[in-house]
Structures are given as C-alpha cells and as structure tokens.
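Residue numbers (the numbering used here), protein chains in the order written: chain A, 542 to 871; chain B, 9 to 347.
Every residue, glycine too, gets a C-beta built ideally from N, C-alpha and C.
Working notes, beginning with the structure itself.
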C-alpha cells in the first residue's frame, strides 16, 4: 500500500505488439505497474485492452512470433524476466509465480486426471527445492489443496477427468493447481468470468480467503468493478494498452480523475433504479492504427488540442495519465 | 474401460456377420452353377444334381447361408479353381507375406511419420518444417506403386544398394515355416543371416507403402500438435512450473496424437489396397497377388475368402484403434456429466 513498500514485481515501460497479416498491432504502449510484497492489486479495463497480454508478458508465455516486445522490463525481485534464460524462467515459475486463467473449461488438460495434473505440479516444485516427496505425501498435499478450495470429496475428485466436473468445480481445481505449492505471486486473469453468477461470488470469496491466509501478492485482472472494490487495495485502470489511472482502490473509486475512469464508473448499473446507466460512446481503438497522443482522445469529452499530439505520462503525484491534470500544459 | 471394449467387440462381431451375409448373397447371385463349375463340362446331369444336393444348393437361401457359415467357421472356405487347393490352405500360404509387409510398413510410418510430424509441429516455420511440408505434399500425391517403381529403379538397378524383387533370393531356401513371417521364422530357425537378407528385401516395398502414410499421418500430427500447443492448458502446465520436457512429451503429445490414431485406422484399409499394386511391382508372393489372380480368373471361393479376410482385418484394426483412442482420450469412454 505504502509507496515505499518493497516491490515484488515492477513492470517498466512495457511495449508489446503482435505481427499479423495486416501489419503490426501495437497493443501495449509503454505500461508500467508495480506489485508490492503481499499486496492485492487490481487491473481493470474493458475486453481487448491488453490485460491478458500484460499477464502473459509477466509470465513470459507470449509466443514470439507473433508477439514482439519492443521495449520495457518486467522485474521480478529486481531481475528482468524478459531477459531470463529458459532455465531461470522455469525456476521462477515453479517456485514463485502461479496463475489462474479466464476459462476453466480450457485450462485443464482433458486427457489426464485432476490427480495427475496436480501431483506433477507438486512433484516438480519439490524437485526444484531439492526435496523428494513420497507419493503419499504428494497425494496428501493435492487433496489438501483441493479441500482448501471448498471442493467436496477431494479424494474422489483426484481420480476424475476434467470432463466429469462442472465449470465451478473445474475452476476450483484451477485454483488448487495455482495454490498447491507456496508462491509469492498469484496472477488471476478474470478467474470468474466464465462461471455462473451464483458460483462467481463463492469462488472469489474462497480466493480472497486463501490469498489472505497465505500472505501472497495477487494481481487480479477483471472488467468487473465490483470485484475490484471488494478484493483489492490498489488498482490500475487500463485503456487500450495504456495505464490511464492508478491509486488506492477506495480513493480512486470515490474520486476518479481520468475521464475514462469516470465514464467507467458511470456505466455501472445502479440497483436503486435511478435511470439507465451511461456508457462511454465509441469503441476501443484499432491497434493497427492507434490514435495519436492520448489513446482515449477520440472518445473523450474533455479533449484538448494537445491530447491528439502528446501522450500524457502517468504522474507519480496524481496517479493519472491525462493532460487535464498537468498544470504546465494547460 | 472393460465394458467399453466388450461393447466394441460385440459391435465388430455384428459388422462381420453383416459382411458375411453380404458376401454370401453376392456370391450366390453371380450367374453360373457352382456344382457344374466344380465338376466340369463332362459330368452328367445326375452327377451335378447329386453334388448340388451335397452342397445344399437345392435348399432355400438362408439354409444355404447357415451351412456355408458353419463351414466357414470351421475354416472350410471351399476349393480354389485356380490353385486347385483348399482356399484356407492358400490363405495360410500367401497371407503372412502380405501381413508381414504391411506390419513392417506400418511400423516405419508410425516411427518416422510421428517423429517428423512432432518435430515439424514443434519447430513450426523452421527449415525442417518447410521441408517436411513440401515432401509430405508430394508423398500424399504420389501413388505408392509409382514410388515403388522409382525406388526399385534407383536403389536396385542404378545404385545396386538394394536387392531386387521377391522375399528372398532364389538361391536361398526359406526357413521352416512356423508363423509364415520370414523375419521371425528365420530367427526361430537360428539363421540371423537369412533374417538380414529378408529384411533387405522387405525394405524397399515397405518404404514404398509407408511414404504416403508417413506424409499423411505426419501432417495430421503436425497440425494437431500446433492446435494443442495453443490451448490454455498447455500454457497452464508451463506456468505451474512443470518441467518443459514433461509438458512436451506428456501433456502436449498425448492429446495431439488422438486424431492421428483415428486416421491411421482408416488408412489401414488403403494400405491393403496399395499393397496390391506394390506387390505386383516387387513380385511379392503375397495375398494381394493371389487376390488379383482370383478376381481375374473368376475364382469365386477365393474371392469370397479374400473379401472375408480383408473385412476381418479392417474390423480388427478398427477395434484396435478404438480401444487405443479410448485409452488415450477419456472423453470417449466417459459419459458427459454437468457443465
């Protein structure tokens, strides 16, 4: 929370594109973010704004090609993940980072049992720490991890194939896979988007509990503002591959600065029924020819001449990337 | 799994039963009197009548079928007009040569095709991938007997690296017959030198047969591997810190080869028909040549036997393929439940 909190992950000026048939998609445009030790950080933005690309860059699983990294650093405890060799990356993944993906139906291998997939994670993690666990011990840890996620009858689930489980159960397995070994950072990429609304809440509560209990850092990626308000301390707002605003979750939501964040908050439907919520006119830009200057300017109601020419930096003091808040240019 | 195998086995038996009915029907519809054909022009009408009664030809269709089925199940398929011997005896003589060749060709295509497919898919867009794709197009497009002629010409005639036609040189005696597979029989007879020679003879025809399959199945493995590689679960395995080699050889390979196994089953029937022509080119004393001769000389009993054997083989291979797939892919054998 505090600015001087020790950083676990620091992304600095990361720019990533994708080479496609039509040309180059410039998706991430110099984004920077920081996750402190034991901190819960949210990353919010609409579909297609580059959230998943950010996560994949941190995990170094972006296939290159088609992805191209133009610049920037992803520092994990000060070491640049993007410049690590294969071995170092593997070591980092098995000992320090875990991830939960969007679609639990796609995130489990269909031809192996839950038990096989879980125990391989434990076995390889143990091998990394120089330990050799007995089969019994591995099994015990797996069952424990499943039970922690609130999975009923975990011993039986170990022998099941993913196809035999419901969506909610599969997502619990995914969480168990992420948390079956101790890690420092959990990247949760829209962990509940593809689940029933009734299950979403259960899963998030459980995830929240587990993160709390294990004291790990979490980067929660979502387009649901409610989830972010509930679960995170600090939040980054992302628009079209740029970070537009950053701040403590509560402050940011009570006093949004960036026109995009303001529009985002206005678009939440209100249960009190005071009229229909407003959306933001326009669509997310085309990454083949992104707008010049501030990428939000074509949709912004406060657009100024400078917005089309110069990209506003994310200021450390205000935590917002917008020319409206820069006294010097106004 | 056990229940699945039993179910599949019963289905196969049903298919074979249907096949036998069809074959029998066709064989009886074909014009001509089998009794007259068997006895020849000089036999009297009485003699022919007696034989007709003996062969149950005077009975209704289904009674005839019943007697025929019983004798087939006892291994009696009648006499071949062409070789003048019981058809079963002919099969025992000619079938092993073809089976040996086909199994060897399958082995080659399995090992080489899968290796190439996996390498090509894993190192997508590398020079190896490009080379494999070009060669595999050619391999799929060229008929095996053309490949056979070229291989025979280049390696045997021009370069002299490979022996010519046949299973063994004429000067070399076959080992005592046990299985009919020369490679095995010669080893059983304690003659590894014969094994080596037989292997050399088998290499060219087997390669001619295998190339199309290497190309076809390799291509399918390649595209399936690329497809699976982009799945979220492969990403998840990597991110969860599973050893990269384990991710490739365990978690990536197994879901990738399922489509290939399916195709291999279907391809086996093609392998049989391709063997017909390749055996002609290499003068392979096998089942295919026997079958072609049977067709050309309208040798009815032999034709029935040939069709039965092919049907049996295809049914068996499909059974094997289905069981393999059920083993590899649990979604086949598990009923869907919930989401």
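- For a cut-off of 8 Å, the C-beta gap from residue 322/B to residue 99/B is around 16 Å, too long to register as a contact.
- If you look at residue 286/B, you'll find it in the alpha helix (DSSP H) that goes 261 to 289.
- A residue is called buried once 16 or more other Cβ atoms fall within 10 Å of its Cβ, and residue 757/A is buried on that count.
- Looking at the backbone, the Cα of residue 646/A and that of residue 709/A are separated by about 9 Å.
- The residue among 823/A, 829/A and 787/A with its C-alpha nearest the C-alpha of residue 862/A is 787/A.
- Burial is judged here by how many other beta carbons sit within 10 angstroms of a residue's own beta carbon; residue 850/A has fewer than 16 and is exposed.
- In the three-state DSSP reduction, residue 150/B falls in the coil class, being neither helix nor strand.
- Residue nearest to residue 293/B within the set 109/B, 306/B, 72/B and 226/B is 109/B (criterion: CA-CA distance).
- For residue 551/A, the enclosing beta strand (DSSP E) covers residues 548 to 561.
- A direct Cα-to-Cα measurement between residue 97/B and residue 279/B gives close to 24 Å.
- Assignment of residue 595/A by DSSP, reduced to helix, strand and coil, places it in the helix class.
- Put simply, the region 744 to 754 of chain A does not touch the region 562 to 576 of chain A. Fewer than three CB pairs are less than 8 Å apart.
- With a cutoff of 7 Å on beta-carbon distance, residue 717/A and residue 641/A are scored as not near each other.
- In terms of Cβ geometry, residue 163/B and residue 170/B form a close pair [threshold 7 Å].
- Straight-line measurement puts the Cα of residue 212/B at about 11 Å from the Cα of residue 206/B.
- Annotated as proximal: residue 703/A and residue 649/A, with beta-carbon spacing under 7 Å.
- One finds 243, 246 and 247 in chain B with Cβ atoms closer than 9 Å to the Cβ of residue 600/A, taken in chain order.
- Less than 7 Å separates the beta-carbon of residue 268/B from that of residue 228/B.
- A distance of 7 Å or more separates the beta carbons of residue 602/A and residue 260/B.
- At the C-beta level, residue 790/A and residue 776/A come within 7 Å of one another.
- Counting only the Cα atoms, residue 779/A lies some 8 Å from residue 592/A.
- By the C-beta criterion, the region 572 to 588 of chain A is judged to be in contact with the region 546 to 557 of chain A, since at least 3 inter-stretch pairs fall below 8 Å.
- Each residue's CA atom was taken as its position, placing residue 665/A and residue 192/B some 44 Å apart.
- The C-beta distance from residue 336/B to residue 266/B rounds to 5 Å, short enough to meet the 8 Å contact threshold.
- Under the 10 Å beta carbon count, residue 291/B is surrounded by fewer than 16 other beta carbons and is classified as exposed.
- The beta carbon of residue 325/B is closer than 7 Å to those of 273 and 276 in its chain, skipping five residues each way along the sequence.
- Chain order gives no chain B residues near residue 782/A, where near means a beta carbon separation below 8 Å; the closest approach is about 21 Å.
- Listed in chain order, the positions of the region 555 to 580 of chain A with a beta carbon within less than 8 Å of a beta carbon of chain B would be empty, since no residue qualifies.
- The beta carbon of residue 649/A falls within 7 Å of a beta carbon belonging to chain B, placing the residue at that interface.
- By the CB criterion at 7 Å, residue 51/B and residue 152/B fall outside the cutoff.
- Taking the beta carbon of residue 342/B as reference, the chain A residues within 8 Å of it are 702, 704 and 705, listed in sequence order.
- In the DSSP assignment, residue 763/A falls within the beta strand (DSSP E) that extends over 758 to 763.
- Less than 7 Å separates the beta-carbon of residue 295/B from that of residue 103/B.
- With a beta-carbon spacing of about 6 Å, residue 766/A and residue 809/A fall inside the 8 Å limit used to define contacts.
- Check the Cα spacing between residue 75/B and each of 179/B, 28/B and 190/B: the tightest is with 28/B.
- 7 Å or more divides the Cβ of residue 588/A from the Cβ of residue 557/A.
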